[in-house]
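Chains as they are written, first to last, in this note's numbering: chain A, 1 to 198; chain B, 199 to 428. We treat Cβ as the ideally placed atom computed from N, Cα and C, and that holds for glycine. Predicted, not measured: the structure shown is a model, and the values here were computed from it.
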């Protein structure tokens, strides 16, 4: 497989936006008290990320560098509003519970970050893959935190439903995640060295 | 000239085109995803809280205690039209409901919107007394003023003070009066609340002289609904 495609596909894990790049922490902590809310916000963010990545990549040669940030924000805000209208029409109960955080997707660093760092420099296909990978990476991270916090709260540890508890879980999961990633990287590196030795 | 075009005119033109395309897309989506107000279970719960029927929400729904009045129902009340009641571009009267059965019979409800930090939708309840509309209560139906301190005016203590101040009166309050009475400091949310309730009060005041007509229309509509369901 082409290295660029592989990098784009694995970006959501190796450069996980939440646990490795530490982006989008505010909605992650705020809405990871419940798995359903976390999944809803994660998928909404993933949708905006995929669509904005594709459109920004399509327009990357047309948008002058001096107005690229306002142009990105207008494109991202359009998709966020679409998500908001969709939720209000088809999922009113989810809209009620995560509604306040939907407009805030516009200023989610993951989306603007990927637009600036990836979509504005790569082809539509790669940007789409990056959007899918990063979007799912964000969704998995927020759902994982949601499951842990909801589980702990259900066990009677109400502290973990609070923001402070959220930060604690976030920090511990981030440490564990990065440890696992570094072990995998070390094993891979050793294998490469052994191969080269042979 | 070429340099000026490249440096100033082209970036602005590109941005304008992107903004126009996005606006067009959103206009289409807004139409496609429009949510018309309806007498759904959530609305019935809010109405039953504001003017209790003496029944639980499910019974109130089954018994058709609440009726949604349309423009044609309201036409007999001095040619009143829901769509004409606006308070700024996006702030409008969205729906009118009436309690046709139950302990709060005769209460009229106005669903209106206001612009706080975000758009908010409120339901205000009024009773007609001596040709005047007196406010019975206000409840938020949809608002996303709930992140951080933005919700302050809707926090229990502030909102209860506000309700205690307006209950049983003809509604006439300015934003600064609300701030003075409640101690709330989130002016945008106060403005949104006041826009929505003021619009509801002005619509209710227009309908107040036609209380009998409305009662008749609501009874007619309730009977029609029962026949259709039967």
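Delimiting residues of the alpha helix (DSSP H) encompassing residue 150/A = 124-154
Just mark residue 340/B as buried or exposed, buried being the case when its beta carbon has 16 or more other beta carbons within 10 Å.
-> buried
Secondary structure at residue 369/B, three-state DSSP: helix, strand or coil?
-> coil
Report the three-state DSSP secondary structure of residue 419/B (helix, strand or coil).
-> helix
Within chain B, the residues that residue 78/A reaches when beta carbons sit closer than 8 Å | 220, 223, 224
Tell me which same chain residues have a C-beta within less than 7 Å of the C-beta of residue 199/B, skipping the five on either side of it?
-> none
Could you say which of 152/A, 49/A, 137/A lies nearest to residue 102/A if we only look at CA atoms?
-> Looking at 152/A, 49/A, 137/A, the one whose alpha-carbon comes closest to that of residue 102/A is 49/A.
Counting along the chain, where does the beta strand (DSSP E) carrying residue 330/B start and finish?
-> Here the beta strand (DSSP E) through residue 330/B covers 330-340.
Residue 394/B and residue 305/B: beta carbons closer than 8 Å?
-> no
Mapping DSSP to helix, strand and coil, what is residue 159/A?
-> Look at residue 159/A here: in three-state DSSP terms it is helix.
Alpha carbon of residue 351/B to alpha carbon of residue 385/B, nearest angstrom | 9 Å
Run of the alpha helix (DSSP H) containing residue 211/B, from where it starts to where it stops | 208-230
Over what stretch of residues does the alpha helix (DSSP H) that includes residue 393/B continue unbroken?
-> Residue 393/B -> alpha helix (DSSP H) spans 385-405.
CB contact check: residue 237/B to chain A, cutoff 8 Å = no
Residue 212/B versus chain A: which residues are under 8 Å apart at the beta carbon?
-> 62, 63, 64, 67, 71
Own chain residues within Cβ distance below 6 Å of residue 319/B, not counting five before or after = 311, 339, 340
Could you have a look at residue 8/A and say whether DSSP puts it in helix, strand or coil?
-> DSSP places residue 8/A within a helical segment (H, G or I) once states are collapsed to three.
Roughly how many whole angstroms lie between the Cα atoms of residue 81/A and residue 257/B?
-> 37 Å
Can you give me, in chain order, the residues of the segment 95-106 of chain A that have a beta carbon less than 9 Å from any beta carbon in chain B?
-> 95, 96, 99, 100, 101, 102, 103, 104
Starting from residue 358/B, trace the alpha helix (DSSP H) both ways and give me its first and last residue.
-> 354-364
For residue 60/A, collect the residues of the same chain with a Cβ closer than 6 Å to its Cβ; drop the 5 residues on either side in sequence, then sort them by chain order.
-> 120
C-beta atoms of residue 298/B and residue 416/B nearer than 8 Å | yes
Report yes or no: do the segment 57-74 of chain A and the segment 87-100 of chain A share at least 3 C-beta pairs separated by less than 8 Å?
-> no
Does any residue of chain B bring its CB to less than 8 Å from the CB of residue 89/A?
-> yes
Check whether the segment 316-336 of chain B touches the segment 358-372 of chain B, taking contact to mean three or more Cβ pairs, one atom from each stretch, closer than 8 Å.
-> yes
From the beta carbon of residue 291/B, is the nearest beta carbon of chain A less than 8 Å away?
-> no
Local conformation of residue 70/A per DSSP, three classes | helix
Is residue 228/A helix, strand or coil when you go by DSSP?
-> Because residue 228/A is not part of the residues shown, which for chain A are 1 to 198, the question remains open.
Could you check where the beta strand (DSSP E) with residue 245/B kicks off and where it finishes?
-> Not the beta strand (DSSP E): residue 245/B falls in the alpha helix (DSSP H), residues 239-248.
Would you call residue 283/B buried or exposed, if buried means 16 or more other Cβ atoms sit within 10 Å of its Cβ?
-> Buried, since its Cβ has 16 or more Cβ neighbours within 10 Å.
What residues from chain B crowd round residue 74/A, counting only those whose CB sits closer than 9 Å?
-> 213, 216, 217, 220
Residue 12/A and residue 174/A closer than 8 Å at C-beta | Contact: no.
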